[in-house]
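Colleague:
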Amino acid sequence: VNGSSKDFRIQFYDEHIQLYKIEKLMPPSNITVNCDEIKKDCIVQWQRPQISHSNKDKCFKYEINMKDKVRGISSPTFNINTYVCTYQYTCHTFQRFNTRRKYLLKMRTAGSACLMSSAWGEWSAPVEFGK
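In the numbering used here, the protein residues as written are 113 to 243.
#1: Whose C-alpha, out of 231, 224, 208, is nearest the C-alpha of residue 151?
#2: State the Cα-Cα distance for the pair residue 148 and residue 239, rounded to the nearest angstrom.
#3: Considering only the beta carbon of each residue, do residue 203 and residue 162 sit closer than 7 Å?
#4: Using the C-alpha atoms, what's the distance from residue 228 back to residue 160?
#5: Hey, out of 175, 169, 189, 174, whose CA is closest to residue 200's CA?
#6: Candidates 130, 222, 171: which alpha carbon is nearest residue 190's?
#7: Give the range of the beta strand (DSSP E) segment to which residue 241 is assigned.
#8: If you follow the beta strand (DSSP E) that residue 226 is part of, which residue opens it and which one closes it?
#9: With distances taken Cα to Cα, identify the nearest neighbour of residue 175 among 243, 233, 241.
#10: Taking the C-alpha atoms as reference points, what is the distance between residue 126 and residue 135?
#11: Is residue 236 near residue 129, with beta carbons less than 7 Å apart?
#12: In chain order, what residues of the same chain lie with their CB nearer than 8 Å to the CB of residue 211, ignoring the 5 residues before and after it?
#13: Alpha carbon to alpha carbon, how far is residue 231 from residue 122? Give it in angstroms, no decimals.
#14: Give the single residue among 178, 138, 171 whose Cα lies nearest to the Cα of residue 217.
This is the structure we're talking about:
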């Protein structure tokens, strides 16, 4: 702010705002879960949120929450280790506890580095998987 007055001195005010500190990250998109019935493991695959100033996978961290669809019992929310599985997709593999149940999976994102907010964003819409 800058201005002038014949009666009062108006002091100059300038503040540098680092928008990345207040940015709220969107949840991952295009989330899919594919399970192998023989190995009893599942691969969750997603696209990282789109932001204007970084396109690096290392800049993000993720949390997953799984819920038994019938019983409504949630597993503890946990941070996950990720790997790049295909072009533009990130993956995580986990052991499936009960291959005869349906589950709902939700994910959310926070910044891990790269001048990004470390606050957790909103949860994704639930993705159903299982029998």
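Just so it is clear, CB atoms sit at the ideal spot from N, CA and C, and this is done for glycine as well. Being a predicted model, the structure only gives us computed values, none of them experimental.
Modeller: According to the data block:
#1: Within the sequence shown, residue 151 is the residue found at index 39, counting from 1. Ranking the options by Cα distance to residue 151, first place goes to 208.
#2: Stepping through the sequence shown from its first residue, residue 148 is reached at position 36. Stepping through the sequence shown from its first residue, residue 239 is reached at position 127. The straight-line gap from Cα to Cα measures roughly 17 Å.
#3: Here residue 203 is taken as the residue at index 91 of the sequence shown, counted from 1. Here residue 162 is taken as the residue at index 50 of the sequence shown, counted from 1. No, they are not a contact pair.
#4: Here residue 160 refers to the residue found at position 48 when the sequence shown is read from its first residue. Here residue 228 refers to the residue found at position 116 when the sequence shown is read from its first residue. Their backbone Cα atoms lie some 14 Å apart in a straight line.
#5: Your numbering for residue 200 matches position 88 in the sequence shown. The residue with the shortest Cα to Cα distance from residue 200 is 169.
#6: Within the sequence shown, the letter at position 78 stands for residue 190. Nearest C-alpha to residue 190: 222.
#7: Residue mapping note: residue 241 aligns to position 129 of the sequence shown, counting from 1. Note, residue 241: beta strand (DSSP E), 239-242.
#8: Position 114 of the sequence shown, counted from the start, is the residue given in the question as residue 226. Annotation: residue 226 is outside any beta strand (DSSP E) and is labelled neither H nor E by DSSP.
#9: As a working mapping, residue 175 is identified with position 63 in the sequence shown. For the residues 243, 233, 241, the minimum Cα distance to residue 175 belongs to 233.
#10: Against the sequence shown, residue 126 aligns to sequence position 14. Against the sequence shown, residue 135 aligns to sequence position 23. One C-alpha to the other measures close to 21 Å.
#11: Taking the first residue of the sequence shown as 1, we reach residue 236 at position 124. Taking the first residue of the sequence shown as 1, we reach residue 129 at position 17. At a Cβ-Cβ threshold of 7 Å, residue 236 and residue 129 do not count as neighbours.
#12: For the purposes of this step, residue 211 is taken as the residue at position 99 of the sequence shown. Counting only Cβ-Cβ distances below 8 Å, and skipping sequence neighbours, we find 147, 149, 152, 242, 243.
#13: In the sequence shown, the residue the question calls residue 122 occupies position 10. In the sequence shown, the residue the question calls residue 231 occupies position 119. Roughly 37 Å separates the two Cα atoms.
#14: For this step, residue 217 is matched to residue 105 along the sequence shown. Of the candidates 178, 138, 171, the one whose C-alpha sits nearest the C-alpha of residue 217 is 178.
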